[in-house]
Structures are given as structure tokens and as C-alpha cells.
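Working notes for the structure below.
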Amino acid sequence: MVQELVDKQEKLPKDIEWHLIGHLQTNKVKYIAPFISMIHSVDSMKLLMEINKHALKNNRVIDCLLQLEIADEDTKYGMDLAEAVELLRSEEFKQLKNIRICGVMGIATLTDNPRMTKEEFYELNTFFKGLKDTFFRKDPAFTEISMGMSGDYKLAIEQGSTMIRLGSTIFGNRSKKTV
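Heads up: take any position in the sequence shown, counting from 1, add 2, and you land on the working numbering.
Right, here's the structure in full:
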């Protein structure tokens, strides 16, 4: 995924604002740090520290969203609310000057049950409001709730999403590469 992003960034116009929405490994941060506008999938202090390190090397600030686990699935990445609060209260976090937390991201359970999806989106919005009130009350950058994809974006918007991910709707389903 990171290699695909780097390849596209090199070939396309330089005024594009690039967002990384998938899982990011710490060893891949260095490849996107020079150009990435926002990373939607920050799920650990270790990753935040790596992003900060490479943002500093590139003399920039990288916008980030904390990925919170809202799905009832073991296959999804993210922190629970307690882990996010612990991260934001930590002395390590307070030292990070080259990242800016702009909000939260979450992925709902893959289900045909719209009530369950709606409840998970409601939970993420509630997490967002709690973090805003506790940690980001005076921070004008903390405004984003990234939730909702091609199959559930209408519910996400109803529940307060400010960013939706519509890749399949716009580009069609991705082809699976076989090795």
C-alpha cells in the first residue's frame, strides 16, 4: 500500500493532498513523511513517535487521526478509548512537536445490520466529543471524524462523520494481487 502511494505521488501533480487511510507499519513512515498530508490510521504511541521523527527530518508537521477500535472484529486495528486517553496524557506525547492530532478514525464492523453500524458510528462520535472536551478544547485543528466507507457512508454522515472513504464507489473494487 505504501509503495503504491509513493509510486502515484511521484507520477501525479504535486499539489495533491495525500491521505493514508490504511494500516501503517513504523518501518514505512520514512517513505511517506516527505509528502503525506494526513495519516488516518495512528494506532499506537510507537507509530506516533516514528511519524514525529520523520516529520522533523523533513522539517514539517504531519496531521494525524487516532484510529479507535469500534468494530466487533479482531481483524481491525485501533486503540480503545482508555488507550487513547493514556496516550494523550503521556509525557511522551507532550514532546511530539511535529505531529498534529486532528481527530479520530474508526471502521465499523462489516455487517448487514445497519443498527449495529449506526451504534458503532455513534460510539466513535461520542469518543471524539470526549477527547475534544478533555484534550483539545482550545485546539482548532481537532475537527475530524473519519468514518464510513462505500457501503455505510450515509449512516456515517448521519452520525457526524466529517470524512468518508469512497474508494470502491469512485474507482470500483480493488483487484487482489496474487503472488
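From the three backbone atoms N, C-alpha and C, an ideal C-beta is built for every residue, glycine too. On a predicted model such as this, the values are computed, not experimentally measured, just so you know.
Per-residue DSSP class, three states only, for residue i
i, result
"residue 146", "strand"
"residue 34", "helix"
"residue 22", "strand"
"residue 107", "strand"
"residue 15", "coil"
Buried/exposed call for residue i, threshold 16 Cβ in 10 Å
i, result
"residue 54", "buried"
"residue 168", "exposed"
"residue 75", "exposed"
"residue 27", "exposed"
Whether residue i touches residue j by CB criterion (7 Å)
i, j, result
"residue 41", "residue 14", "no"
"residue 56", "residue 87", "no"
Element boundaries [beta strand (DSSP E), containing residue i]
i, result
"residue 68", "64 to 69"
"residue 56", "Careful: residue 56 lies outside any beta strand (DSSP E), inside the alpha helix (DSSP H) at 47 to 59."
"residue 167", "165 to 167"
Cβ neighbours of residue i in the same chain (closer than 8 Å, five flanking residues each side left out)
i, result
"residue 145", "104, 105, 164"
"residue 82", "70, 71"
Boundaries of the alpha helix (DSSP H) in which residue i is found, first to last residue
i, result
"residue 159", "155 to 160"
Cutoff 6 Å; reference residue i; Cβ partners in own chain excluding five residues on either side
i, result
"residue 59", "none"
Spatial neighbours of residue i in its chain, beta-carbon cut-off 7 Å, leaving aside the 5 residues before and after
i, result
"residue 129", "70, 83, 106"
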